[in-house]
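Participant:
Chains as they are written, first to last, in my numbering: chain A, 1 to 518; chain B, 519 to 970.
1) Assuming residue 381 of chain A and residue 287 of chain A form a contact by the criterion Cβ under 8 Å, report the distance between their Cβ atoms to the nearest whole angstrom.
2) Three-state secondary structure (DSSP) at residue 665 of chain B?
3) Short check: CB of residue 284 of chain A to CB of residue 92 of chain A, under 8 Å?
4) Helix, strand or coil for residue 338 of chain A, going by three-state DSSP, please let me know.
5) So, under 8 Å CB-CB, residue 724 of chain B and residue 753 of chain B are touching, yes? Tell me the CB distance rounded to an integer number of Å.
6) CA-CA distance, residue 881 of chain B and residue 950 of chain B?
7) I'd like to know whether the C-beta atoms of residue 855 of chain B and residue 635 of chain B end up nearer to each other than 8 Å.
8) Starting from the N-terminal side, write out each stretch of the beta strand (DSSP E) that is 3 residues or longer and does not extend beyond the stretch 379-410 of chain A.
9) Please state whether DSSP places residue 679 of chain B in a helix, a strand or coil.
10) Counting only runs of 3+ residues fully inside the stretch 151-235 of chain A, write out the beta strand (DSSP E) ranges in chain order.
11) Are the C-beta atoms of residue 918 of chain B and some chain A residue less than 8 Å apart?
12) Between the alpha carbons of residue 521 of chain B and residue 824 of chain B, how many angstroms are there, rounded?
13) Have a look at the DSSP bridge pairing and note the partners of residue 755 of chain B.
14) Assuming residue 802 of chain B is part of the alpha helix (DSSP H), what are its boundary residues?
15) Compute the Euclidean distance between the alpha carbons of residue 574 of chain B and residue 602 of chain B, then round it to the nearest angstrom.
16) Just to confirm the assignment, what range does the beta strand (DSSP E) spanning residue 144 of chain A have?
17) Please tell me whether residue 281 of chain A and residue 298 of chain A are closer than 8 Å, where the distance is taken between their beta carbons.
18) Can you have a look at residue 638 of chain B and say buried or exposed, based on whether 16 or more other CB atoms are within 10 angstroms of its CB?
19) Does residue 805 of chain B pass the burial test, meaning 16 or more other C-beta atoms within 10 Å, or should it be called exposed?
20) Quick check: the Cα distance between residue 696 of chain B and residue 169 of chain A, rounded to an integer number of angstroms?
21) So residue 25 of chain A contacts chain B; which residues on that side make the cut at Cβ distance below 7 Å?
22) Run down chain A in chain order and give the residues with a C-beta less than 7 Å from the C-beta of residue 840 of chain B.
23) Which term fits residue 503 of chain A, buried or exposed, when burial requires 16 or more other beta carbons within 10 angstroms of its beta carbon?
24) Does residue 171 of chain A pass the burial test, meaning 16 or more other C-beta atoms within 10 Å, or should it be called exposed?
25) What are the residues in the stretch 612-626 of chain B lying within 7 Å of chain A by C-beta distance?
26) Closer than 8 Å, CB to CB, is residue 685 of chain B near chain A or not?
27) If I follow the unbroken alpha helix (DSSP H) through residue 908 of chain B, where does it start and stop?
28) Report all residues from its chain with a CB closer than 7 Å to the CB of residue 732 of chain B; omit the five preceding and five following residues, and keep chain order.
29) With 16 as the cutoff for other CB atoms within 10 Å, does residue 237 of chain A come out buried or exposed?
30) So what does residue 252 of chain A bridge to, in DSSP terms?
31) Under the three-state reduction of DSSP, which class applies to residue 700 of chain B: helix, strand or coil?
32) Measuring CA to CA, which of A:40, A:478, A:275, A:89 is closest to residue 234 of chain A?
33) Give a yes or no on whether 8 Å exceeds the smallest Cβ distance from residue 897 of chain B to chain A.
34) Suppose you measure from the CA of residue 660 of chain B to the CA of residue 809 of chain B; what does that come to, to the nearest Å?
35) Counting only beta-carbon separations shorter than 8 Å, does residue 678 of chain B have a partner in chain C?
36) Under 8 Å between the Cβ atoms of residue 918 of chain B and residue 117 of chain A?
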């Protein structure tokens, strides 16, 4: 099964040197074990009466030393940007500066309550206000809604602004047009907000088909959702024409800004006629993604949509910063569509993003876009002789390079290439997306990778591509050197086990009570 | 530009390799009208680490941190002690800088943690299953209402008057667009909850009843009767928990028959953070799992038969089902879930019970001391670590006067319900293990002075 054979050898513990197996906390923890010592307090009879918990919760505890070891061992089963290149297309995993972590943990930011009196949190409001100013400046838009909690939440914010604007005009437009290459969140968002969704095809060049889009515009179309740069890695050359056509037909333009890092400091989406665009702070402005989140998705808005932005938001007057909420929105902001989350947004991400913007400055942010684009084109042109690049003739790519599975040996797929990369020490690229390309491989190196890293990655991917073209059977069972071999995802879905439960006791095994346990 | 590793020699060599004369050649597809050739207005050039730290520290100093003095705020965000090892562990780069675990062979650390987290949340809530987290409690609450609509095919939700007003506001915003009908109202400054009235109001159009536990005024009540009434009418009972530490002392909502339990996990491991990032908790009965929003981690085996974990049931999700997905949610709060899970592991069963007991004990002591301040009375007959005081005057200006004395003394109902004069004298006070006897004495003394 394994390439060398020697890797099949087993060990008594199941561990392999520094690669350690780790049981679940439920298998090693105890109901009376704790890793926390409390101050002594005088016991008080409780006031909760019949609601007092009577049955055990079933939570295992570990001592502090066991806890540190458990999670440290688990951490070693993860790939992370701190270990190497994370070439995920459209997801922009780049270096997370530790200064940002230090800043976010300053007690003046981390230990402040969202509802404490506004005069005691002026610095926190100042951070929101300052970051908002730079987001508006960098995008050339009119204003920004800071509260959305993640990219898809930002999409929802933008779509609700569009819906509110249409309602204010007294129009009931029900269709949102979404190009085929869009992120799956785009159609889901439009549907979640009550719109019906219609696809717009892509051209053979990998861009939105302007003629098809224009042909579909009409009095029932509320707007379009476009990703630019798009998920084929290309700049939508016709963006201004698209915006003009949509506006002329009475609709609004939503731009998915997940890929803003490719154009920051070089292009302002506001100049392209965009009405709303979310910015993934965790991506463009590098806040840690933490194995799936948190995110943060402020939405920049055009003058047309700005009056409908959600509550709460921060304003400044002679007396300092203060918050516009339900109670005082009526005076200055009567058309707001309402509140979309309990508090003011992802403050912990705002401090990190502001530190990142100030660290780079005007010169650095422009360099960010240039290096991100240069790195992606370097990958595209260094591999297009061994991997099919369907849009290589469409012009330079922006932040990401797109390849397909065309030309791999019979029976070999993009998945085999991806799993092969794991054995070479890399996280795989985005696979099978965008849907417009068969067996898509979408690679985004970002601006924080050196040429030496790119050269090694190119060499590794070239080697795997050649093995896949030649039908190397070992590739079919990769990865061989990861903590786990290929996992059975079908089994997981067919027979879902989503929480730990006590293993069933085999017949004849004495129960805990029989052997004197409790 | 310390974060950008390319040298000018690298850039020149790479431009040559891609066949471009200059970097501008790579931006040819950008129309001239949209090119930003000049400087970014007002933004200075790059700054040193020290300069940025100095700037941010100056902003941080303009805030009064909760640790700077006696602190009694709750109302949906709670200050608890977070053991040092929690933050230490979440800052390990392999957790901090990992991506969504779409490649499970090299993401078992995150996946096993999520499986453990789901198991902990399900046990805490008394539900069969829990997901791998949502953005926060308020958005999880709305998602639960939408989920009840999908399950019951009805669109009328009854919201308890004790539901956090911001959660209610989020639901109202969304319902405007989805067409759901919400029935709600403000709480009364009285001991009992409105749950009996809710049970009586359930009819055949009702998809769900939403109650908070403990509620916005700190009240706790038995939801069994309500669960029975919901079940009889084919509606679902949704319980919202904003202070999960309470469940160390009081019965879990699932134990009392709640169908969906959502909550805010911020209190365990995450910290106040001025409102975010927080951690949405979401559990439900097993039979509804395919209607659940968000990510789920499941157990499986690998090609060698070893136990492993993967993201599963993704056919509910936006990247597969697009406009037919159960929700548009994509991100979860992975790192906050990790912090919660580590803190919960450190506590364990015994620790959580101990922590809950201390919270309740401190809160009882504080309630007794504050109710002795002339003109002040305690509204609650029962509570966990948060209760409501009735002041002789409107509470809102009092909060600012207390802050001037260095005491952050709670959340006024005037701020939460600005349009309801009947609630103006209410002050919601939270007391956790971080509050000392001296803090309580200082609060009582300051309140007495301010009211005198």
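Heads up, the beta-carbon is just placed ideally off N, CA and C, and yes, glycines get one too. Please read these numbers as outputs of a predicted model, since none were measured by experiment.
Facilitator: Reading from the atomic positions:
1) For the purposes of this step, residue 381 of chain A is taken as residue 381 along the first chain, with counting starting at 1. For the purposes of this step, residue 287 of chain A is taken as residue 287 along the first chain, with counting starting at 1. Wrong, their Cβ atoms sit about 31 Å apart, outside the cutoff.
2) Counting from 1 along the second chain, the entry for residue 665 of chain B is found at position 147. In the three-state reduction of the DSSP assignment, residue 665 of chain B falls in the helix class.
3) What you label residue 284 of chain A is simply residue 284 of the first chain in a count that begins at 1. What you label residue 92 of chain A is simply residue 92 of the first chain in a count that begins at 1. The Cβ-Cβ distance between residue 284 of chain A and residue 92 of chain A falls below 8 Å.
4) Stepping through the first chain from its first residue, residue 338 of chain A is reached at position 338. Note: residue 338 of chain A maps to coil in three-state DSSP.
5) Within the second chain, numbered from 1, the residue matching residue 724 of chain B stands at position 206. Within the second chain, numbered from 1, the residue matching residue 753 of chain B stands at position 235. Right, the Cβ-Cβ distance comes to about 4 Å (below 8 Å), so this counts as a contact.
6) Here residue 881 of chain B is taken as the residue at index 363 of the second chain, counted from 1. Here residue 950 of chain B is taken as the residue at index 432 of the second chain, counted from 1. Whole-angstrom Cα-Cα distance: 7 Å.
7) Working through the second chain from its first residue, we reach residue 855 of chain B at position 337. Working through the second chain from its first residue, we reach residue 635 of chain B at position 117. Yes, Cβ-Cβ distance for residue 855 of chain B and residue 635 of chain B is below 8 Å.
8) When DSSP assignments are scanned along the stretch 379-410 of chain A, the uninterrupted stretches of beta strand (DSSP E) that are 3 or more residues long and fall wholly within it turn out to be 401-403.
9) Mapped onto the second chain, residue 679 of chain B falls at position 161. In the structure shown, the three-state DSSP call for residue 679 of chain B is coil.
10) As far as the stretch 151-235 of chain A is concerned, its whole beta strand (DSSP E) runs of at least 3 residues are 175-179, 196-200, 221-227.
11) Translated into the one-based positions of the second chain, residue 918 of chain B becomes position 400. For residue 918 of chain B, the nearest beta carbon of chain A is closer than 8 Å to its own beta carbon.
12) What you label residue 521 of chain B is simply residue 3 of the second chain in a count that begins at 1. What you label residue 824 of chain B is simply residue 306 of the second chain in a count that begins at 1. Annotation: residue 521 of chain B to residue 824 of chain B spans about 40 Å, alpha carbon to alpha carbon.
13) The sequence position of residue 755 of chain B within the second chain is 237, counting from 1. Beta bridge pairing from DSSP links residue 755 of chain B with B:727.
14) For this step, residue 802 of chain B is matched to residue 284 along the second chain. Per DSSP, residue 802 of chain B is not a residue of any alpha helix (DSSP H); the beta strand (DSSP E) it occupies stretches across 798-802.
15) Here the question's residue 574 of chain B lines up with position 56 in the second chain. Here the question's residue 602 of chain B lines up with position 84 in the second chain. Rounded to the nearest angstrom, the gap between the Cα atoms of residue 574 of chain B and residue 602 of chain B is 23 Å.
16) Walking along the first chain from the start, residue 144 of chain A turns up at place 144. For residue 144 of chain A, the enclosing beta strand (DSSP E) stretches over residues 143-145.
17) The count along the first chain starts at 1 and reaches residue 281 of chain A at position 281. The count along the first chain starts at 1 and reaches residue 298 of chain A at position 298. Against a cut-off of 8 Å, the Cβ pair of residue 298 of chain A and residue 281 of chain A comes out as a contact.
18) As a first step, residue 638 of chain B is located in the second chain; it is residue number 120 there, counting from the start. With 16 or more Cβ atoms within 10 Å of its Cβ, residue 638 of chain B is classed as buried.
19) Here residue 805 of chain B refers to the residue found at position 287 of the second chain. So residue 805 of chain B counts as exposed.
20) Along the second chain, read from residue 1 onward, the residue named residue 696 of chain B stands at position 178. Along the first chain, read from residue 1 onward, the residue named residue 169 of chain A stands at position 169. Rounded to whole angstroms, residue 696 of chain B and residue 169 of chain A show a C-alpha spacing of 19 Å.
21) Taking the first chain and counting its residues from 1, the one referred to as residue 25 of chain A is at position 25. The answer, in chain order, is 634, 863.
22) Walking along the second chain from the start, residue 840 of chain B turns up at place 322. Chain A residues near residue 840 of chain B: 184, 187, 188.
23) What you label residue 503 of chain A is simply residue 503 of the first chain in a count that begins at 1. The C-beta of residue 503 of chain A has fewer than 16 other C-beta atoms within 10 Å across all chains shown, which makes the residue exposed.
24) Sequence index remark: in the first chain, residue 171 of chain A carries index 171 (1-based). The residue is exposed, with fewer than 16 neighbouring Cβ atoms inside 10 Å.
25) Answer in chain order: 612, 613, 614, 615, 616, 617, 618, 619, 621, 622, 623, 624, 625, 626.
26) What you label residue 685 of chain B is simply residue 167 of the second chain in a count that begins at 1. Cβ-Cβ to chain A under 8 Å: yes for residue 685 of chain B.
27) Here residue 908 of chain B corresponds to residue number 390 of the second chain, with the count starting at 1. Note, residue 908 of chain B: premise wrong, no alpha helix (DSSP H); beta strand (DSSP E) at 904-908.
28) Taking the second chain and counting its residues from 1, the one referred to as residue 732 of chain B is at position 214. Contacts found: 738, 761, 764, 901, 902, 904.
29) Residue numbering aside, residue 237 of chain A sits at position 237 when the first chain is read from its first letter. That one is buried.
30) If you number the first chain from 1, residue 252 of chain A lands on position 252. Answer is A:223, bridged to residue 252 of chain A.
31) Here residue 700 of chain B refers to the residue found at position 182 when the second chain is read from its first residue. Residue state, collapsed to three classes: strand.
32) Your numbering for residue 234 of chain A matches position 234 in the first chain. Considering only alpha carbons, the answer is A:89.
33) Here residue 897 of chain B is taken as the residue at index 379 of the second chain, counted from 1. No, residue 897 of chain B lies away from the interface with chain A (no Cβ there is under 8 Å from its Cβ).
34) Reading the second chain from its first residue, position 142 is the one you call residue 660 of chain B. Reading the second chain from its first residue, position 291 is the one you call residue 809 of chain B. If I take the Cα positions, the gap works out to 14 Å.
35) Going by chain labels, chain C is absent from the structure shown, which instead holds the protein chains A and B.
36) Working through the second chain from its first residue, we reach residue 918 of chain B at position 400. Working through the first chain from its first residue, we reach residue 117 of chain A at position 117. Yes, the Cβ-Cβ distance between residue 918 of chain B and residue 117 of chain A is below 8 Å.
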